[in-house]
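Just so you know, the protein sequences line up as chains A and B, in that order. Each residue of the first sequence is one higher than the one before, counting from -11 in my numbering. Each residue of the second sequence is one higher than the one before, counting from 187 in my numbering. Quick reminder that beta carbons are idealized off the backbone N, C-alpha and C, glycines included. Please read these numbers as outputs of a predicted model, since none were measured by experiment.
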Amino acid sequence: MKEIKFDLLSTVEYGGCSAKLSPELLSGLLSDIPLIKDNRIMVDIDTHDDAGVFRINDDTALIVTTDFFPPVCSDAYTFGEIAAANSLSDVYAMGGTPLLSLNLTMFPSSRIPVEVLKDILLGGQDMVNKSGAFTMGGHTIDDYPPKYGLAVVGIVHPDKLITNSGVKTGQKLILTKPLGTGVLIAARRLDICDEASYTEALNQMKTLNNKGMELMQKYGVKGATDITGFGLAGHAMRMAKESGVSIRIDVSSVPQLPQVNDMLALGCIPGGAFRNLKYVEENVVFASTVTTELKMLMCDPQTSGGLFLAVDEDKADSMISDFKNNNIDAFVVGEAIAERENSIYFY
Amino acid sequence: MKTIDTRGRLCPMPLIMTKKAIQESLQDEEMVIITDNTTACGNLKDYLRELNYDFTTEENDSEQYIRFTKPAMFESDVDAAQFCSLPSQKRSYVIVLKSCNMGSGDNQLGDILMRAFINSLVEADSLPESIIMYNSGVKLAVKGSDTALSLQKLEDRGVAVFSCGTCLDFYNLKESLAVGVITNMFKITQLTTNASHVVYP
């Protein structure tokens, strides 16, 4: 274990994707700012997808995305890794390969030793190297609390693009990482969870979704998203709406990180989960058999979460075993059904 | 009266303090949460709503007071639930549709009665927690039936709708299921034996 020069968690009240501005507030503002259309734009903000996509020619489309946030953990290097993995994930969720990246950094040079900044950037760079992308530079602002993330450009063949509007009725839905990072980050702050559970959450957050992307292409997946700040409920709702389907999710089959249910039962529920619950309330049904704990887990904001993807029913089993062979704990958690009054049915 | 003073504490600490106090309190005990943080106050109210508590709020200077009473049976108080023979305050119940007919006698009449029962259930004040269908009861949940549409409305309001998988296979209706999910005997046993009461129309 590396020596921690500075406890980054002491700088923030809410970290990671929990720090996102309320989605309702944001969409209200953005509706007043019209964007210019171009027929080369394959995906823009209208479909609430993970990234924008621009077709350059018949063989190549660019995927552009950015994401940055305040610290989610105490250790600077780990924070860098997680923030970078989270930023790169949007490219993978759209079936692409990261090509170029820029660092977006905010750091209070007079309040925190600058070696901490170096560790953040080092962690980020190691993750970018793992993805095969090239760092082209960045921008740093003196600001408190620190924030870090990337702007990423990825590439994809236009025919192989994966979007959140590509889900078809009858397909099975697979989740590739367990839920509960928001809960465990909150629990860690209060020092009420085990070190091992928290370490598992950290390891999961710094795992790239690159293998998941490869498998999505192998199995012809067309509809997917990654689970981040809006939680499984929020991201699944947007995917269902954009795809014109409804989705059933069996809460008992949704994987969770260790100790998460116990933490939720204690009342350790991050504020972001309540925000997400409000966001989805009108379009999502939680059957009365679903416990309060599991309901809140479905709304738990994830940082650098897994892929949530739709695959043809007859391919689901082999895809799951392919994930297991690659040491990824993916599970079938639901299915797409013909569009109904509500977008998501949790049972 | 138990006081839960969460002033100066940020979420989720006030929620944890509240949950702990509920578990340590007696039935019918009055409780008041004090908070000085608007975010925490909002989350506390949402949390109590999720736990099915009725509460009142008042504001005094920059502090909020949330008052509630622990009901006779706390939902996650498993031990109490096991030994308590009275139905809980919420009067949660399960409906089992064991046939596509209501009552025994003429089948045509039974069919009319069952459809009327399910269609009027949509208007009921107190909805069941779940509806379980087995044997010919599963026919009520297939595409093209008016009962399936009513069951969909119930599902949209949070009623869990289950059909027996073996029964759907037997009647060759698996592909026609229009509402709810397929379940097995283990789950059916669990749902019916844990229910505070079961309604067989």
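Contact belief for residue i with residue j at Cβ below 8 Å, rounded distance in angstroms
i, j, result
"LEU190(A)", "LEU76(A)", "At roughly 17 Å, the Cβ-Cβ gap does not stay under 8 Å, so LEU190(A) and LEU76(A) are not in contact."
"PRO146(A)", "THR(-1)(A)", "In fact, because the Cβ distance is near 42 Å, the residues do not count as touching under 8 Å."
"ALA64(A)", "LYS(-7)(A)", "7 Å"
"VAL218(B)", "THR243(B)", "Rounded, the Cβ-Cβ distance is 10 Å, inconsistent with contact."
"GLY208(A)", "MET227(A)", "That pair is no contact at about 17 Å."
"GLY293(A)", "ILE215(A)", "3 Å"
"TYR233(B)", "ILE257(A)", "7 Å"
"LEU297(A)", "ARG177(A)", "In fact, because the Cβ distance is near 31 Å, the residues do not count as touching under 8 Å."
"ILE173(A)", "SER234(A)", "Not a contact, Cβ separation roughly 31 Å."
"SER382(B)", "SER278(B)", "6 Å"
Beta-carbon proximity of residue i to residue j, cut-off 9 Å
i, j, result
"VAL345(B)", "ALA221(A)", "no"
"PRO198(B)", "GLY255(A)", "yes"
"ARG193(B)", "THR221(B)", "yes"
"LEU337(B)", "LEU326(B)", "yes"
"LEU295(A)", "TYR80(A)", "yes"
"GLN159(A)", "GLU301(A)", "yes"
"LEU88(A)", "VAL31(A)", "no"
"GLY111(A)", "ALA72(A)", "yes"
"GLY219(A)", "GLN290(A)", "yes"
"GLY120(A)", "ASN91(A)", "no"
"ILE129(A)", "PHE95(A)", "yes"
"VAL320(A)", "LEU161(A)", "yes"
"VAL242(A)", "LEU203(A)", "no"
"VAL282(B)", "ILE304(B)", "no"
"MET251(A)", "ILE180(A)", "yes"
"PRO257(B)", "LEU230(B)", "no"
"VAL280(B)", "SER316(B)", "yes"
"ASP38(A)", "GLY68(A)", "no"
"SER331(A)", "LYS266(A)", "no"
"SER349(B)", "TYR320(B)", "yes"
Buried versus exposed, by CB contacts within 10 Å (16 or more), residue i
i, result
"LYS156(A)", "exposed"
"MET(-11)(A)", "Residue placement at MET(-11)(A) is flagged as unreliable, the pLDDT there being 46, under the threshold of 50; a coordinate-derived value is accordingly withheld."
"THR379(B)", "exposed"
"ASP78(A)", "buried"
"LEU18(A)", "exposed"
"ASP131(A)", "exposed"
"ALA175(A)", "buried"
"MET345(A)", "Here chain A has residues from -11 to 335 only, and residue 345(A) is not among them."
"TYR102(A)", "Looking at the sequence provided, one finds Val at residue 102(A) rather than Tyr. By the neighbour-count rule (16 or more Cβ atoms within 10 Å), VAL102(A) is not buried but exposed."
"GLU1(A)", "exposed"
"ILE21(A)", "exposed"
"LYS283(A)", "buried"
"LEU105(A)", "buried"
"LEU295(B)", "exposed"
"GLY259(A)", "buried"
"LEU223(A)", "With the sequence shown as reference, residue 223(A) is identified as His, and Leu is not the correct amino acid for it. Result: buried."
"HIS36(A)", "buried"
"LEU163(A)", "buried"
"ILE44(A)", "exposed"
"THR369(B)", "buried"
"ARG263(A)", "buried"
The region 247 to 263 of chain A: positions lying closer than 8 Å to chain B by Cβ:
Answer in chain order: ALA253, LEU254, GLY255, CYS256, ILE257, PRO258, GLY259 and PHE262.
Kindly provide the ranges of any alpha helix (DSSP H) runs that are 4 or more residues long and lie completely inside the region 80 to 142 of chain A, ordered along the chain.
Taken in chain order, the complete alpha helix (DSSP H) segments of 4 or more residues contained in the region 80 to 142 of chain A are 102 to 119.
Going along the chain, which residues of the region 195 to 215 of chain B sit with their C-beta nearer than 7 Å to a C-beta in chain A?
Hits within the stretch, in order: LEU196, CYS197, PRO198, MET199, LEU201, ILE202, THR204 and LYS205.
In chain order, which continuous runs of the beta strand (DSSP E) of length 3 or greater are located wholly inside the region 212 to 272 of chain A?
If only uninterrupted beta strand (DSSP E) runs of at least 3 residues are considered, those enclosed by the region 212 to 272 of chain A are 233 to 237.
If contact means a Cβ-Cβ distance below 9 Å, which residues of the region 334 to 353 of chain B contact chain A?
Identification of residues in the region 334 to 353 of chain B having a C-beta nearer than 9 Å to some C-beta of chain A yields GLN338, LYS339, GLU341, ASP342, ARG343, GLY344, VAL345, ALA346, VAL347 and PHE348, given in sequence order.
Hey, which unbroken runs of the alpha helix (DSSP H) at 4 residues or more fall wholly within the region 10 to 81 of chain A?
With a minimum length of 4 residues, the continuous alpha helix (DSSP H) runs that stay inside the region 10 to 81 of chain A are 11 to 18 and 64 to 81.
The region 219 to 230 of chain B: which residues have C-beta closer than 9 Å to a C-beta of chain A, in chain order?
Going along the region 219 to 230 of chain B in chain order, one finds THR225, ALA226, GLY228 and ASN229 with a Cβ nearer than 9 Å to chain A.
Report the residues of the region 51 to 64 of chain A with a CB closer than 8 Å to any CB of chain B, ordered along the chain.
Listed by position along the chain: nothing, the set is empty.
Going along the chain, which residues of the region 323 to 335 of chain A sit with their C-beta nearer than 8 Å to a C-beta in chain B?
Hits within the stretch, in order: ARG328, GLU329, ASN330, TYR333 and TYR335.
For the region 231 to 252 of chain B, list every residue whose C-beta sits within 8 Å of some C-beta in chain A, in sequence order.
If the cut-off is 8 Å between Cβ atoms, the region 231 to 252 of chain B has ASP232, TYR233, GLU236 and LEU237 near chain A.
Which complete beta strand (DSSP E) runs does the region 156 to 184 of chain A hold, if anything under 3 residues is left out?
Uninterrupted beta strand (DSSP E) stretches at least 3 residues long and entirely within the region 156 to 184 of chain A occur at 160 to 163, given in chain order.
Using Cβ-Cβ distances below 7 Å, what residues of the region 365 to 381 of chain B are close to chain A?
Correct list: VAL367.
Which residues, in order along the region 302 to 322 of chain B, keep a beta-carbon less than 7 Å from a beta-carbon of chain A?
So the list reads GLU315 and SER316, given in the order they occur along the chain.
Please go through the region 215 to 261 of chain B and give each complete beta strand (DSSP E) segment of 3 or more residues, from N-terminal end onward.
List check, beta strand (DSSP E) in window: 216 to 221, 241 to 246 and 249 to 255.
Could you pull out every unbroken alpha helix (DSSP H) segment of at least 4 residues lying fully inside the region 270 to 323 of chain B, listed in chain order?
Within the region 270 to 323 of chain B, the complete alpha helix (DSSP H) runs of at least 4 residues fall at 293 to 307.
Select from the region 264 to 275 of chain A all residues with a C-beta closer than 9 Å to any C-beta belonging to chain E, and list them in chain order.
Among the protein chains of the structure shown, namely A and B, there is no chain E.
Using a beta-carbon distance cut-off of less than 7 Å, what residues from the region 154 to 187 of chain A approach chain B?
The residues in question are ALA174 and LEU178.
Using a Cβ cut-off of 9 Å, which residues of the region 214 to 230 of chain A contact any Cβ in chain B, in chain order?
For the region 214 to 230 of chain A, there are no residues whose beta carbon sits under 9 Å from a beta carbon of chain B.
Looking at chain B, which residues of the region 287 to 304 of chain A have a Cβ within less than 7 Å of any of its Cβ atoms?
Contact annotation: in the region 287 to 304 of chain A, no residue has its CB less than 7 Å from a CB in chain B.
Residues of the region 236 to 247 of chain A whose Cβ lies closer than 7 Å to any Cβ of chain B, in chain order
Here the close residues are ARG236.
In chain order, what are the residue ranges of uninterrupted beta strand (DSSP E) at least 3 long that sit wholly in the region 298 to 330 of chain A?
Counting only unbroken stretches of 3 or more residues, the beta strand (DSSP E) elements lying wholly within the region 298 to 330 of chain A are 319 to 326, in sequence order.
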